[in-house]
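**Q**
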Amino acid sequence: MKVKSKKKIILCCCISLILLVLLAAVCFFQFTDLGYRMSVPYRISFEKAADNIYVNKNYSGNIKEAIRLTEDALERDRAFFGELQCTDTTKTIVIFCDDDNLLSRLGGDHDTNTSIFDPKQNYISISDEYLNIDIIAHEFTHAELHTRLNTNALKGIPTWFDEGLATQNDYREQYGLEAWIEQTDNGKNALPLEDMDTGSEFYAGTVEDRRFRYLNAKHEVGVWMEAHQQKGLLELFDKLNNGESFDTAYFK
Numbered sequence: 001m002k003v004k005s006k007k008k009i010i011l012c013c014c015i016s017l018i019l020l021v022l023l024a025a026v027c028f029f030q031f032t033d034l035g036y037r038m039s040v041p042y043r044i045s046f047e048k049a050a051d052n053i054y055v056n057k058n059y060s061g062n063i064k065e066a067i068r069l070t071e072d073a074l075e076r077d078r079a080f081f082g083e084l085q086c087t088d089t090t091k092t093i094v095i096f097c098d099d100d101n102l103l104s105r106l107g108g109d110h111d112t113n114t115s116i117f118d119p120k121q122n123y124i125s126i127s128d129e130y131l132n133i134d135i136i137a138h139e140f141t142h143a144e145l146h147t148r149l150n151t152n153a154l155k156g157i158p159t160w161f162d163e164g165l166a167t168q169n170d171y172r173e174q175y176g177l178e179a180w181i182e183q184t185d186n187g188k189n190a191l192p193l194e195d196m197d198t199g200s201e202f203y204a205g206t207v208e209d210r211r212f213r214y215l216n217a218k219h220e221v222g223v224w225m226e227a228h229q230q231k232g233l234l235e236l237f238d239k240l241n242n243g244e245s246f247d248t249a250y251f252k
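Under this note's numbering, the first residue of the sequence shown is numbered 1, with each subsequent residue one higher.
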């Protein structure tokens with residue numbers, strides 16, 4: 001009887017463990033932004049428009065235009081980095097969506113989510129409101145940075161660098177040099193970098209507050225890029241992946 005009881009207990013524990021794992025998986029794929037994006041290729045609410053590009057069913061936008069803009073944005077980013085690991089060695093899925101309910105499930109209407117699972121993958125979500133080459137190129141720059149840096153290096157980069165690098169491929173005038181000169185009085189009122197280190201700092205406040213941080217971040221990284229060029233950027237990635245701190249690798 002004791003042996004049978006032990007077997008029953010073990011069986012119950014195994015069943016309970018399996019159920020907990022299944023419940024955790026369901027919760028992850030149904031109720032987290034990243035999980036939902038990861039499952040888009042398998043959902044009946046979405047359909048494949050091209051390789052690694054998905055749209056929601058009954059998408060009312062111009063799918064051919066969305067694909068063309070994606071290709072143009074990739075060319076812009078490829079020229080910036082020299083090559084793209086986020087599409088050549090890692091999968092990056094782009095989701096175009098004009099359904100508000102599905103956008104809320106995706107967790108964003110123009111942003112990039114990167115899984116930390118092996119192999120690493122990027123998931124870009126873009127609504128019709130943000131369907132233009134600048135924003136798509138911006139998001140692919142995030143994807144490329146997240147692909148090139150290992151998990152420890154990614155944890156150490158400040159948000160202003162992540163966004164400042166992405167805006168190098170975002171040519172909108174609101175983030176341009178003339179806007180920076182005007183809004184910062186040629187740098188006199190520029191934001192200190194330490195005030196934009198974290199996501200909670202960078203994305204806080206009004207749209208105008210955030211836009212001003214993007215403006216400052218783009219200018220900072222732009223000045224650095226002028227001095228270091230593409231070669232220096234790739235060397236920076238190597239240093240960060242080899243364990244050097246961001247401040248040491250970037251500022252010295």
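Where is the CB? At the ideal position from N, CA and C, for every residue including glycine.
Taking 7 angstroms as the limit between beta carbons, can you name the residues of its chain near E173, skipping five residues before and five after?
**A** Closer than 7 angstroms at the Cβ level, and outside the excluded window around E173, lie A179.
**Q** Could you have a look at Y214 and say whether DSSP puts it in helix, strand or coil?
**A** helix
**Q** From M1 to I18, what distance separates their C-alpha atoms?
**A** Reliability of the predicted coordinates at M1 is poor, the pLDDT of 49 falling under 50, and the value obtained from them is presented with this limitation in mind. The alpha-carbon atoms of M1 and I18 are separated by roughly 26 angstroms.
**Q** Enumerated in chain order, which unbroken segments of the beta strand (DSSP E) with a length of 3 residues or greater are wholly contained in the stretch 150-219?
**A** none
**Q** Measuring straight from C-alpha to C-alpha, what distance separates T206 and V26?
**A** 35 angstroms
**Q** If we call anything under 8 angstroms between Cβ atoms a contact, is I126 one with T92?
**A** no
**Q** Identify the residues that DSSP records as bridge partners of C97: which are they?
**A** S127
**Q** On the DSSP bridge list, what partners appear for E47?
**A** V55
**Q** Taking the straight line between their C-alpha atoms, what separation do you get for I15 and T147?
**A** Going from the Cα of I15 to the Cα of T147 covers about 37 angstroms.
**Q** On a Cα-Cα basis, can you pick out the residue from L236, D197 and R43 that is closest to R105?
**A** R43
**Q** Taking 6 angstroms as the limit between beta carbons, can you name the residues of its chain near A49, skipping five residues before and five after?
**A** These residues qualify, in order along the chain: V55 and I63.
**Q** Going by alpha carbons, who is nearest to Y175 out of G107, H219 and L234?
**A** H219
**Q** What residue range is occupied by the uninterrupted beta strand (DSSP E) comprising T114?
**A** Per DSSP, T114 belongs to the beta strand (DSSP E) from H110 to T114.
**Q** Alpha carbon to alpha carbon, what distance is there between I9 and I157?
**A** 48 angstroms
**Q** Using only alpha-carbon positions, find the residue among T151, F246 and E129 that is nearest to P119.
**A** T151
**Q** Can you tell me which of G108, A190 and K7 puts its alpha carbon nearest to the alpha carbon of L34?
**A** G108
**Q** In whole angstroms, give me the CA-to-CA distance for N241 and N101.
**A** Their backbone Cα atoms lie some 38 angstroms apart in a straight line.
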